[in-house]
Each structure stands twice: as structure tokens, then as C-alpha cells.
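In this note's numbering, the protein residues as written are 3 to 396. Just so it is clear, CB atoms sit at the ideal spot from N, CA and C, and this is done for glycine as well. Right, one structure below, let's go through it.
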Amino acid sequence: MQRFCRKIKSPVFIISAALIFAFFYFYAYHFPEELYKSYFGEADSIITSLPIQQRSLNSSNTYDIGILLIVSEDADLTEYKFAIDTLKCYSRLHHYGFYIEWVNNTWKEICGQKQFMFIRHCIASKLLHRHEWTLFLDADVAVINPSRLIDDFVEQNKDVADLVFFDRFFDWEIAAGSYLAKNSSYAKEFLIKFANTEFTLPKSFHGSDNGAIHWLFVEQFFGNNTSQLNPNDCHKIWSISKDFDDLFVYEACCRLIMGETRIFHDPSGKGTIKLLPKGEAWMRDGWITDSKWSLDSDFMLHGWKHSIEMPKIDEANAWKRASLRKKFGNWYRGIANPTFDLNSCETGKITWKWWNALMISKNELQDILMKKRLKTRQEFFESQAQIPKYFKKL
């Protein structure tokens with residue numbers, strides 16, 4: 003009996019038991035989920051777009067617009083290849099400028115920031131002169147519906163804002179990885195300030211530029227706030243942040259100060275920034291709807307990285323697919339085009355092809371997003387309720 007107990011306590015036995023437990027836990031919970039969510043478990047039909055009407059360059063509602071991606075000096079663009087291919091084709095199709103700018107030693111010398119997440123905003127500021135308007139995007143953004151035009155967003159905002167940001171859908175963050183910027187002195191100045199927040203980051207779990215954009219908003223536009231909360235209260239929470247839970251409380255604090263403000267006027271009258279509500283921007287995270295999308299609502303989808311792409315049934319076994327499903331932000335490729343011929347894009351002969359299994363109606367999409375919105379609202383209230391506890395720690 004004693005010999006048996008000693009064997010149980012041996013490291014080899016314990017490790018083996020743990021692996022067996024992990025195997026059955028994974029099998030019990032993630033494998034069936036994969037079978038349930040295998041949209042391509044059987045042959046799927048392909049929907050082909052109607053001929054795409056190219057943007058008229060002679061229309062009064064047509065603007066001088068460029069699309070800008072900024073990537074780190076060591077970036078592996080194969081991770082974003084398909085997403086970038088859709089952007090290249092889309093820009094050729096509608097005659098938008100398209101640029102991929104690499105961070106290099108020259109940019110480091112010009113800007114001075116050390117971290118990629120911040121220097122990219124400085125570089126964007128320096129390149130706004132190329133066009134009247136620039137759409138800044140992360141490299142993992144794909145065009146799902148090429149009939150939508152960036153011009154529509156310029157038309158809606160050209161008289162009210164120098165910069166247009168938007169709220170992310172799955173939390174209460176201002177998105178830091180995409181914005182629409184006018185070639186104005188104020189837009190350039192604000193983006194430089196955004197980049198320079200790197201130099202004043204607290205020594206905490208600060209959330210990089212995602213955390214910094216909230217501090218910039220409250221500092222710039224609510225510096226004289228006299229409500230129950232002021233920017234310094236939020237900064238104190240930020241300064242002791244240790245994880246995402248703390249970070250979300252800090253961001254909730256900032257959003258309480260900002261309230262329902264959507265138009266932000268510079269105190270000195272230099273310019274204006276607009277913040278679009280959830281679901282009203284040019285893009286959203288694709289994974290929040292498990293890659294389902296609507297032709298009547300969506301334009302661009304964010305998060306198309308190859309390393310977390312769900313393969314089709316004939317490309318990988320169910321075990322590998324179940325393993326990938328555990329990764330945050332995993333996604334299915336809703337576009338069925340294997341490649342995009344740039345000559346066909348230029349001439350307007352290209353068509354987008356989509357997998358039918360992932361296409362849903364506008365109402366179905368709105369139902370899913372409404373549930374996400376309500377869940378996020380509840381989580382915001384929960385984070386907001388934690389604020390007083392942090393003041394006890396200070």
C-alpha cells in the first residue's frame with residue numbers, strides 16, 4: 003500500500019494524469035463545439051457579387067482619399083496577406099491611394115517613439131499630406147463588401163471633424179487601430195500628441211495605445227472637469243493597473259467623464275474630433291459574430307490574421323480546428339475568392355465571392371450585435387462599480 007502511494011506521488015504519474023485529464027476536458031468541451039460550429043462541415047454554395055460599380059471620380063461626393071497601413075520593421079506580411087490583398091484590390095477598383103509604410107530607422111529618427119503602437123501614429127501624421135483624407139487601418143482588416151465607399155464616411159463627417167474615431171463593439175474602448183483623418187493641421191497635431199503619450203505612460207499594465215487614447219481624450223477635452231470624477235482620478239487607477247480587469251476599470255472611469263459626448267471641440271478652437279458609436283463605423287471585429295456577416299450592413303472586418311484562421315474541413319482535422327477555436331479572435335474566411343487579380347480589380351471586372359454559410363440577413367446580424375451590446379453594457383456597469391475600490395488602494 004505504501005509502495006502504491008509512493009507511485010501515485012511520482013512526478014511522472016502526476017504529469018501523465020494531468021495530461022490525460024486535459025485531453026478528456028478538451029475533448030468533452032471543445033471538440034463537440036467544433037462539430038457544432040463547423041459551418042463548412044458539408045459542401046457549401048458560393049454567392050457571387052453583382053458587377054461592382056466603380057467609384058465615379060467626377061461626382062461631387064467623390065473625395066481624394068488614401069488608405070494607409072503602417073507595419074513594424076520586422077512584420078511578417080504573410081500573416082495578413084489575404085486581408086491586404088482585399089485592400090489592394092478594393093483600392094484599385096475604386097481608385098483610392100493605397101500605401102504600406104514600414105517603420106525604419108529614418109522614421110525612428112524623425113518621430114522619436116520607441117514602441118511600434120505609438121510611432122505609427124506619428125508616421126500617420128507625417129503622411130496625411132498625401133490626400134485630403136486618409137483612412138488609417140491595421141494590417142489585418144479585410145474588405146468584405148467592396149460596394150461600400152469610404153467617401154460616404156467622409157461626406158458624413160467632412161464638415162464636423164478633422165479626425166473620426168469609433169467605439170469598439172465588444173467593450174467600451176475607443177479603437178486605436180483605425181481612424182479617418184483629414185489633411186489638417188489639427189489632425190496632424192492630435193496624432194502627434196497621441197504618439198507622444200508613449201513618453202508619459204504609467205509604469206503599470208497600461209494597455210499600450212488602447213489605454214493611452216482614453217487618457218488623451220479626457221486630458222485634452224475634460225481637463226477642467228468639475229464633476230464627481232476628474233481625469234486625475236482615472237489616471238490614478240491607470241497607474242496601479244495590473245491586468246485587463248484594472249485596465250477596463252480605468253477605461254470605464256474615462257468613459258464616465260466623457261459621458262455621451264460624440265463631438266469633441268479643442269478648447270483653443272483649433273479643430274474637432276468625432277467619436278462614432280458602436281456599429282456606425284467602416285469596420286468591426288469579425289470574430290464577435292463568429293464570422294457571420296451581412297451584405298446590407300458590413301463593409302470591413304478586423305482580425306483576419308492567418309495564424310488564427312479556422313481551416314475548412316478538407317484542410318485540417320477536427321482536432322486541429324478545435325485547438326484553433328480556443329485561440330482568441332479565431333475567424334472563418336467568409337470570402338471564397340482564392341486570389342485577387344489586380345488587373346481585373348483595376349478594370350472593374352473583379353467580383354467578390356462569398357461562402358453562403360456565413361452570410362446572414364441584416365436583421366439576423368442586428369439581433370446578434372444587440373445581444374453583444376447588452377452584454378457589453380452589463381460588463382461596463384460592473385467595471386464602473388469597481389471604481390470606488392481603487393481609491394481605497396491609493
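Endpoints, alpha helix (DSSP H) assigned at residue i
i	result
K395	I389 to K395
W109	N107 to C113
L95	K83 to H96
T353	Neither: T353 is in no alpha helix (DSSP H) and is coded neither H nor E.
Backbone secondary structure at residue i - three-state DSSP
i	result
F172	coil
H237	helix
F118	helix
F33	Unreliable positioning characterises F33 in this predicted model, as indicated by a pLDDT of 49, which lies under 50. The coordinate reading is nonetheless provided below. Looking at F33 - three-state DSSP - the assignment turns out to be helix.
H304	strand
E262	coil
R335	coil
D211	helix
F383	helix
A144	strand
R286	strand
I69	strand
K377	helix
L360	helix
F224	coil
K329	coil
A178	coil
K276	strand
A163	coil
K244	coil
E311	strand
A77	coil
K190	helix
K294	coil
Residue span of the beta strand (DSSP E) that contains residue i, given as start and end
i	result
W135	W135 to L139
G99	G99 to W104
T199	Careful: T199 lies outside any beta strand (DSSP E) and carries neither H nor E.
T50	I48 to T50
Residue from the options with nearest C-alpha to residue i
i	options	result
S186	I121, Q117, T274 and D292	T274
I303	A178, A85 and T202	Looking at the sequence itself, residue 303 is Leu, so the reference to Ile does not match. Residue A85 is the option with its Cα nearest to L303.
N60	D153, E311, F120 and A126	D153
W306	L79, I72 and P53	L79
D161	I265, L371 and S241	I265
D87	Y101, E75 and Q55	Y101
S127	D173, A197, D140 and N159	A197
V220	I259, D247 and I242	I259
D247	Y392, H96 and G99	Y392
Y65	F120, H96, N107 and S180	H96
D76	N107, Y98, Q56 and E282	N107
D46	S363, S206 and N358	N358
S309	I194, D142, K272 and K394	D142
Q55	P148, C124 and I125	P148
K272	K364, K83, Y188 and C113	Y188
W284	S363, I242, D140 and G225	D140
A144	N159, G331 and K83	K83
T202	S180, Q117 and R122	Q117
Under 9 Å between C-beta atoms of residue i and residue j
i	j	result
I49	W356	yes
I146	F301	yes
F168	P279	yes
W135	L71	no
A178	I239	no
E103	L129	yes
L367	G336	no
E157	N63	yes
T353	S51	yes
K374	F172	yes
D268	F223	yes
E200	F120	yes
Y98	R57	yes
F207	K184	no
I176	L277	yes
V105	R132	no
I242	K394	no
Residue i Cβ short of 8 Å to the ligand ADP heavy atom set
i	result
P279	Judged by which ligands are present, the structure shown has none, so any question about the ligand ADP falls away.
The segment 294-305 contacting the segment 211-223, beta-carbon criterion three pairs below 8 Å: Two segments are said to touch when three or more pairs of C-beta atoms, one from each, lie closer than 8 Å; by this definition the segment 294-305 does not touch the segment 211-223.
Sufficient close CB pairs (3 or more, under 8 Å) joining the segment 244-253 to the segment 374-390: Yes, since at least three Cβ pairs between the segment 244-253 and the segment 374-390 fall closer than 8 Å, the two stretches touch.
Inter-stretch contact (C-beta, 8 Å, three-pair minimum) for the segment 336-355 and the segment 120-139: Too few Cβ pairs lie closer than 8 Å, so no.
Cβ pair count under 8 Å reaching 3, the segment 89-100 against the segment 345-352: With a cut-off of 8 Å, the segment 345-352 and the segment 89-100 count as touching, because enough Cβ pairs lie within range.
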